[in-house]
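Residue numbers (my numbering): 4 to 198.
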């Protein structure tokens, strides 16, 4: 995220499809089947926003049925990893995978102590070391104190992930302007400044 306008775009994507599926997911009367569809769609559209203009590309030529044609493709040499934070992150994973079908998927399970609010890891399927230049997308639909995401970021950087190459997609269920939503927004801004 190079500058403030990019941050604002990622924090509040103006896309009408994102706004629609967010409304469906937030509605208390949404049937659970439609809620699952909404989360999958949010995973897809938020992944698109997070990865747009971020993945390295190559110019190439493809053979169409009629003639060769210039083309641009995502560089297949650049490793991409999608990391859902269990269990809630799985809700966004399906949509993310639909856009990044060749990405490696690594699961990490975190649990927060409700008294101390400290997150601890109960499952870690991350690789020992991330290859240089690996683009990492974290799927975390719930953000409260920020402790879980900070613990995950620490684990990723210990394993060689470059913080500049890590992005996160999240859905804040609280309506805009509420104390909960404002707290989540401040945590996201803090994470952006710190990493």
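Yeah, the Cβ is synthetic: ideal placement off N, Cα and C, and Gly gets one too.
The three-state secondary structure of residue 46, taken from DSSP, is helix. When DSSP states are grouped into helix, strand and coil, residue 138 belongs to the strand group.
Under the DSSP definition of a beta bridge, residue 89 partners with 112.
The shortest C-alpha to C-alpha distance from residue 142 to any of 49, 59 and 70 is the one to 49. The distance from the Cβ of residue 162 to that of residue 131 is about 7 Å, consistent with a contact at the 8 Å cut-off. By the CB criterion at 7 Å, residue 65 and residue 74 fall inside the cutoff.
Apart from sequence neighbours up to five positions away, the residues of its chain that approach residue 59 with a beta-carbon distance below 6 Å are 78 and 81, ordered along the chain. Taking all protein chains in view, the Cβ of residue 24 is crowded by 16 or more other Cβ atoms within 10 Å, so the residue is classified as buried.
Between residue 154 and residue 122, the gap from beta carbon to beta carbon is short of 7 Å. Collapsing the DSSP output to three states places residue 102 in a helix. Contact check for residue 85 and residue 99: beta-carbon distance about 5 Å, within the 8 Å limit, so the pair qualifies. As far as DSSP is concerned, residue 26 takes part in no beta bridge. Rounded to whole angstroms, the Cβ separation of residue 151 and residue 113 is 5 Å, and the two are in contact under 8 Å.
Under the DSSP definition of a beta bridge, residue 127 partners with 111. Across the set 140, 120 and 111, the C-alpha of 111 shows the shortest separation from the C-alpha of residue 127. Under the three-state reduction of DSSP output, residue 132 falls in the coil class, being neither helix nor strand. Annotation for residue 159: the continuous alpha helix (DSSP H) segment containing it runs 150-161. Apart from sequence neighbours up to five positions away, the residues of its chain that approach residue 88 with a beta-carbon distance below 8 Å are 111, 112, 113, 141, 142, 143, 151, 152 and 155, ordered along the chain.
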